[in-house]
Amino acid sequence: MSWSARLIAFASGLIKARVNKQIMSNPESQQSNPAGAHSTKILPGLHLLCMHEKFSDAFNAAVEKCYPALRQKTQITIHNCGLKFLPEDLRLDAVVSPANSYGRLDGAFDDALARTYGPKDDYGWITRKAQKVLYEKWRGFAPPGTCTVVPLDHDQTTSQSRTSTRNPWDTKYLLLCPTVRIPDVVEWDVEVVYECVWSLLCAVDNHNRDVRASTFAGSSTGAKEINTILMTPLGTGVGGISPQRWAEQCVIAMKQYVEAVEHPETWANLHWKKILDDHEEIAVTYRKDANA
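Counting from 1, position 288 in the sequence shown corresponds to residue 302 in my numbering; the numbering is continuous, with no gaps.
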């Protein structure tokens, strides 16, 4: 190879290196490789269903105390009503079920879900959907604090129903986040709300990245990204968790999750000081209950 040809090859390689460096440092350019890129929106849009104002008050107070910047990171809408009173024009990609570890959706808010989604004459429809996926993922038992994405597949027919499925808010997925093994008081599980919310955010992110990767590869399975979710105050019913603990752990989980995504250089190489500082932020939420 002549000297001039070598010079041209060297210059070409240098230009390519600079272009690659710009692509890696520019988040917008990563959209060309959705398989490995995060969405520019770290948190999904959140609809909080709080039948009692004490929960929405606790959540608003937790935002102001623990993470005032939260509303700049995502859109939060609070609904002080029951499930059936949500606006008809609302669109929810996923709804969170605070069910037990065995995926039986037949009590409290899960009962409302069973009566709202699926065929009108098939009450067990949504439980079967959940338990089928739970067996595939967890052999039938999802530990408290985890999150499992359950496709609802409303278009699939069911042999146990003579009517079409109901889907009032065009919901594609159920996010199963058990706070209890079986319905019982769960105050003793002092960080379960934090664990559920963290697991939920990871599950949604992983799901969305899989969807983008399939689309990018031209092998789309028909799955859709989850951009909006409906959630209730986790563990505050039979579980007995206080509104304050639920709200603060929910907000802190979102805060620390956003930090983890925005600062991989820290969270991919954690040291004890950072770990203990973050733990202390969570521990304060249940020490108050213990001293009350």
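Quick reminder that beta carbons are idealized off the backbone N, C-alpha and C, glycines included.
One or two residues paired with residue i in a DSSP bridge
i, result
"G59", "T242"
"R180", "G132"
"V109", "L188 and L244"
"I90", "L60"
"V194", "N114"
"V200", "Paired residues: none, contrary to the question."
"P165", "Y187"
Alpha-carbon to alpha-carbon, residue j and residue i
i, j, result
"D291", "G159", "21 Å"
"E273", "A75", "21 Å"
"T130", "H93", "17 Å"
"D135", "P192", "26 Å"
"F69", "W286", "34 Å"
"E78", "A261", "11 Å"
"G117", "V218", "19 Å"
"S213", "C161", "5 Å"
"W281", "S233", "32 Å"
"W152", "V163", "12 Å"
"T235", "S228", "7 Å"
"N181", "L100", "13 Å"
"S178", "G138", "14 Å"
"A95", "H221", "Checking the sequence shown, residue 95 turns out to be Cys, not Ala. The alpha-carbon atoms of C95 and H221 are separated by roughly 29 Å."
"H293", "H168", "41 Å"
"G59", "T88", "6 Å"
"S46", "A237", "Confidence at S46 is low in this model, with a pLDDT of 40, below 50, so the placement of that residue is unreliable and no value is reported for it."
Close beta carbons around residue i, own chain, < 8 Å, minus the five adjacent residues each side
i, result
"L127", "L97, V109, S111, L119, I140 and L188"
"K302", "Q258 and R259"
CB of residue i within 8 Å of CB of residue j, strictly
i, j, result
"G249", "V211", "no"
"V61", "L244", "Note that residue 61 corresponds to His in the displayed sequence, not to Val. In contact: H61 and L244 (Cβ atoms closer than 8 Å)."
"T299", "Q263", "yes"
"L63", "T185", "no"
"T242", "L57", "no"
"L166", "K146", "no"
"A307", "L215", "Residue 307 is absent from the model: the chain starts at 15 and stops at 306."
"S115", "P157", "yes"
"W183", "L104", "yes"
Spatial neighbours of residue i in its chain, beta-carbon cut-off 7 Å, leaving aside the 5 residues before and after
i, result
"P257", "K68, F69, A72, P247 and T250"
"C80", "E262, V265, I266 and K269"
"I296", "E205, Y208, Q263 and I266"
"G121", "P197"
Own chain partners of residue i with C-beta closer than 6 Å, once the 5 adjacent residues on each side are dropped
i, result
"G154", "L148"
"E239", "N222 and V225"
"F2", "The displayed coordinates of the chain run from 15 to 306. Any statement about residue 2 would go beyond what the structure contains."
Subject >> At least three beta-carbon pairs within less than 8 Å, the stretch 248-268 to the stretch 193-207 >> reply: yes
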